[in-house]
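Before any comments, here is the structure.
There are 2 protein chains.
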Amino acid sequence: MQAHIYTYRYIMTREDIKDYFNVAISVSMVIFAFDGEKLRILIQRRDEDPFNGAWQLPSRFVRPNESLELNAKMLLEETIPMTETIDSYSEQLNAFGKVYRNPLGRVVNVGFYCIVKMTDEDRRMAEQKGMMWAAYTEIPDLAFDHNEIIDYAKQRLKRRFKRRPVGFSLLPKEFTLTQLQILYEGALNKKFDKRNFRKKVFNSALLIDLDKTIETSYGKVSKLYRFDEDKYEKMSLKGYDFLF
Amino acid sequence: MQAHIYTYRYIMTREDIKDYFNVAISVSMVIFAFDGEKLRILIQRRDEDPFNGAWQLPSRFVRPNESLELNAKMLLEETIPMTETIDSYSEQLNAFGKVYRNPLGRVVNVGFYCIVKMTDEDRRMAEQKGMMWAAYTEIPDLAFDHNEIIDYAKQRLKRRFKRRPVGFSLLPKEFTLTQLQILYEGALNKKFDKRNFRKKVFNSALLIDLDKTIETSYGKVSKLYRFDEDKYEKMSLKGYDFLF
DNA sequence: TTAATATGTGTCAAAAATACACATTTTAGT
DNA sequence: ACTAAAATGTGTATTTTTGACACATATTAA
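Residue numbers (the numbering used here), protein chains in the order written: chain A, 1 to 244; chain B, 1001 to 1244.
In structure tokens, the structure reads:
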């Protein structure tokens, strides 16, 4: 607080730089979730100008006393309050700073993305609150440059999938290998051979066999697995690359 | 221009958001170069408060009519005017937005890094202008959070080295395989077996044998190679991963 | 002429990636 | 009760990639 007052006075006495302090910062969040079939991204209807009524990414101006990360965290919590976001994966993407990207004035947007476990409650809530879980491959036209931000997020997610076990943040704690494979195929836009996929996953030795099965809609029951986070932590300390 | 006047008046009438437009954006640039032995990063002495006299990354406030990328480009050109920066590799790192990172007020810094071919002229110029090419592994304490930005840039460079042939942007157009290996060893902080290194490089089939040699200070003459950019362009279109 | 320093080259073994097919279990429909 | 459809789950052979490893040759400095 003290520091803020101090800096405010300081700026007032520095005529040479005063004109730079007239930009706004906003944060946008690309929230990825997986419904068992498809990867999805949460978008919402704007209810004010500019672009009133258009779809957009959940976004928020940065207040003077909030760091970017704190702002992103608050944005996430107010957008999907029902979801456990504490252990979700979140990361900054990039600053998007085209001069006229926002007609209100100079707004530099800092994009974030995160990966959450979607709950049924979230899906119901979403529709009530003017939000939509849009399919990864069918994102409509969005306000501002938000389509560009999503494209960037998709690329980043793809890279992360190849090197880090982020996929598990999208699945329920207990999952089947088929779910895992569908997820990877969706994220990397590529088909895998079932036997080779499983071989690779088992070789990583990061799955715990739960000795439990779950009924699928049709066909045999599936075995359930869990991701061994502790083991991964230990391995990743010495620069370990995950799959693919 | 028209748009700028429009947005200015618009903001004036929106009391609810006016308070957000009081942040400054700065751009910092981590400039990597290679002197044949070591990777180096360009730093400069500050000549004004705050942190007067301290080392910092080349930095610049963003003016209202400049995009982040344009600003970064101008920063690079005014910092090392003698270097050909047109074909150098440049990329945004991240936005650094801690609340009190700059005592002047709320300044969000957008970090960039770039990779240039160092010329002898640059090295001489640098010292005259209060700049220093600091060794990659021995960066002194810098103003603001610039050490943090450099750490981030080093990580990013390491990742890029593994997947993209960015190394060639650091070497002269014609280089020896020993130079290439020293560079990779420095960037990845890892030793390679000479025969295996060469095997891998040749397998990529992206080097053109120039049928020329160059005298080294001691020992046999070395063969010179050039990087085949056209061929790489074609290969990278279909998601090609470089070496290591 | 000798010692020091640098370049440049091939083989073998292990590990990883890839291609490929069928038996089993369960449900839905008749 | 039977059949068709849909899903799970499993092994082997081949190719490719990685990694370990040693010495002859050219050049310069002393």
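Cβ atoms here follow ideal geometry from the backbone N, Cα and C, with glycine treated the same way. The model shown is predicted, which means the values in this text are computed figures rather than measured ones.
Around THR119/A, the same chain offers MET82, THR83 as residues with beta carbons nearer than 7 Å, after the five sequence neighbours per side are excluded. Secondary structure note for VAL116/A: it is in no beta strand (DSSP E), with a DSSP letter that is neither H nor E. Contact annotation for TYR89/A against chain B: no contact, minimum CB-CB distance about 16 Å [criterion: below 7 Å]. Close to ASN1094/B, with beta-carbon spacing below 8 Å, are these residues of chain A in chain order: GLN92, ASN94, ALA95.
Counted as a single uninterrupted DSSP element, the stretch harbouring ASP1049/B is not any beta strand (DSSP E), since DSSP gives it neither H nor E. Pairing ASN1094/B with TYR1136/B gives a Cβ-Cβ distance that is not under 8 Å.
When the alpha-carbon of ILE1149/B is set against those of GLU1233/B, SER1026/B, MET1074/B, the nearest one is in SER1026/B. In terms of Cα proximity to GLN92/A, the closest of GLU229/A, TYR100/A, SER67/A is SER67/A. When C-beta atoms of the stretch 131-146 of chain A are compared with those of the stretch 38-48 of chain A, three or more pairs fall below 8 Å, so the two segments count as touching. In the DSSP annotation of this structure, LYS223/A is not part of any alpha helix (DSSP H); the continuous beta strand (DSSP E) holding it starts and ends at 222-227. The beta carbon of LEU1076/B sits no closer than 8 Å to any beta carbon of chain A. Following the DSSP letters along the chain, one finds PHE1161/B inside the alpha helix (DSSP H) bounded by residues 1146-1163.
In this structure LEU170/A touches ALA33/A by the C-beta definition: roughly 7 Å separates them, less than 8 Å.
At a cut-off of 8 Å between C-beta atoms, ILE1025/B counts as an interface residue with respect to chain A. Rounded to whole angstroms, THR1079/B and LEU1157/B show a C-alpha spacing of 21 Å. About 5 Å separates the beta carbons of LEU1224/B and LYS1212/B, which is inside the 8 Å limit, making them a contact pair. Looking at the DSSP output, GLU1091/B shares a beta bridge with TYR1113/B. Runs of the beta strand (DSSP E) lying entirely within the stretch 1011-1039 of chain B and spanning at least 3 residues, in chain order: 1024-1034. Within the same chain, ARG1226 come within 7 Å of LYS1173/B by CB-CB distance, once the 5 residues on both sides are set aside. Exclusion of the five residues before and after VAL1062/B leaves ILE1025, SER1026, VAL1027, LEU1068, ASN1071 as the residues of its chain whose Cβ lies within less than 7 Å of its Cβ.
Of all residues in the stretch 144-156 of chain A, none is placed with a Cβ closer than 8 Å to any Cβ belonging to chain B. Within chain B, the C-beta atoms nearer than 9 Å to that of VAL108/A come from VAL1023, ILE1025, VAL1062, LEU1068, ALA1095, VAL1108, VAL1110, in chain order. Look at ARG60/A here: in three-state DSSP terms it is strand. Put simply, of THR1216/B, HIS1146/B, ARG1060/B the residue whose alpha carbon is nearest the alpha carbon of LEU1177/B is THR1216/B. Contact annotation for TYR20/A against chain B: ALA1024, PHE1061 [CB-CB distance below 7 Å, chain order]. VAL99/A carries a coil assignment under DSSP once its states are collapsed to helix, strand and coil. Distance from the Cα of PHE1144/B is smallest, within the candidate group ARG1164/B, ILE1182/B, PRO1103/B, for PRO1103/B. MET125/A sits in a helix when the DSSP states are folded into three classes. For the 8 Å CB-CB criterion, PHE202/A and GLN181/A do not form a contact.
The DSSP-derived three-state label of ASP1193/B is coil. MET1125/B and LYS1073/B have their C-alpha atoms some 19 Å from each other. Here the alpha carbon of GLN1044/B sits roughly 34 Å from the alpha carbon of ARG159/A.
Interface annotation, VAL99/A: in contact with chain B, CB-CB separation under 8 Å.
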